[in-house]
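Residue numbers for the sequence shown follow the UniProt record's numbering, so the first one is 1 and each next one is one higher. The structure under discussion appears below in the form of structure tokens.
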Amino acid sequence: MNLKGNKINRVSMRNNAYEIIKDAIISGELKPEMKIKDKELSEQLGISRTPIREAMLRLEDEGFIVSKPNSFTMVAPINITEVKETYSIVIALESLALQEAFIHTTPSQLKQLAEINNLYKSAIEESNAKKCLQYDIEFHGHIVRMSKNKELEKLLTKLKEKIIRIESFYFHNAIPKQKSINEHDMIIDGLENKKYKEEAVDTLKNNWLNSLKNILSGDK
């Protein structure tokens, strides 16, 4: 564990410590079940232990950290039941976002979505797993923004922090298959043609379900 490059100022130590530690957990820099100590984090981030402890309590409330009093604190393990539950909620909410995107989307937004998907395709051709995950996240995030539903976007942003952690853990070396590209293309086609709304929503659901199946089949 090395977060030394993330030293922060004292203006908002509590929030900054929270964000840095959370980002390290989500990205997989701090791996599931890795033991963490407030003293080490304090030294690496260059701040006192109090904001570190406050950040860790907050992260424990959110399910990113687990602790046993007077024993240990560690990054929460990946729980398969939680994975299934989180995916089912994200599928339902993002399907709603896509339906609303059919009402509000603009040509420029569709162009942006296609551009993100082209970057995703290039990352697959380059066998760059990190970029594949990055552009896949951007693709789905853009669909949510296209819905223009701010409350839906807030809900999905929080849920997808857990999704990103899960996928970073399971897919850190995985290259998506052609099927994933085809599904993205079909979603874009549906938004462009409008009349394929139901097919696009079904494709979106399948796209998420295929990711879930890959996780469950490779359960670590």
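A virtual CB, placed ideally from N, CA and C, is assigned to each residue, including glycine. Just so we're clear, the structure is a prediction, and the values are computed from it rather than from any experiment.
First and last residue of the uninterrupted alpha helix (DSSP H) at residue i
i	result
K197	K197 to S217
I80	I80 to H104
F139	A129 to M146
S180	Q178 to N193
A174	Unbroken run through A174: none, as it is neither H nor E.
L59	R49 to D61
N118	P107 to E125
One or two residues paired with residue i in a DSSP bridge
i	result
F72	K68
K35	M74
Classification of residue i by the beta-carbon crowding that lies within 10 angstroms, buried from 16 upward
i	result
L204	buried
E183	buried
I80	exposed
A200	buried
G190	buried
T86	buried
P69	exposed
E94	buried
H140	buried
N117	buried
P51	buried
K39	exposed
P176	buried
A174	exposed
N71	Here residue 71 turns out to be Ser, not Asn, going by the sequence shown. With fewer than 16 Cβ atoms within 10 Å of its Cβ, S71 is classed as exposed.
S217	exposed
S180	buried
Sequence-distant residues of its chain with Cβ nearer than 7 Å to residue i (five each side left out)
i	result
residue 229	The requested residue 229 does not occur in the structure, where the chain is confined to residues 1 to 220.
S147	A97, E100, A101 and H104
I164	I26 and I137
Q109	M146
N206	E183
S48	S42
G63	A76
E192	L110
L155	L93
H172	G28 and A129
L152	L93, L96, A97 and V144
L159	T86, I89 and V90
Q178	none
Residue i at chain B interface by Cβ criterion, 8 Å
i	result
T86	Any reference to chain B falls outside this structure, which holds one protein chain only.
Spatial neighbours of residue i in its chain, beta-carbon cut-off 6 Å, leaving aside the 5 residues before and after
i	result
N128	none
W208	I91
L212	Y87
E161	I26
Residue i beta carbon near the ligand COA (any heavy atom closer than 7 Å)
i	result
K160	Of the ligands one can find in the structure shown there are none, so the ligand COA has no counterpart to examine.
Contacting residues, own chain, Cβ-Cβ under 8 Å from residue i (five flanking each side not counted)
i	result
H142	Q109, Q112, L113 and I116
L30	M1, I21, A24, I36 and V75
I8	Any reading at I8 needs caution, since the residue's pLDDT is 49, under 50, leaving its predicted position unreliable; the model's value is listed next. Cβ neighbours of I8 beyond the five flanking positions: N16, A17, I20, L45, G46 and I47.
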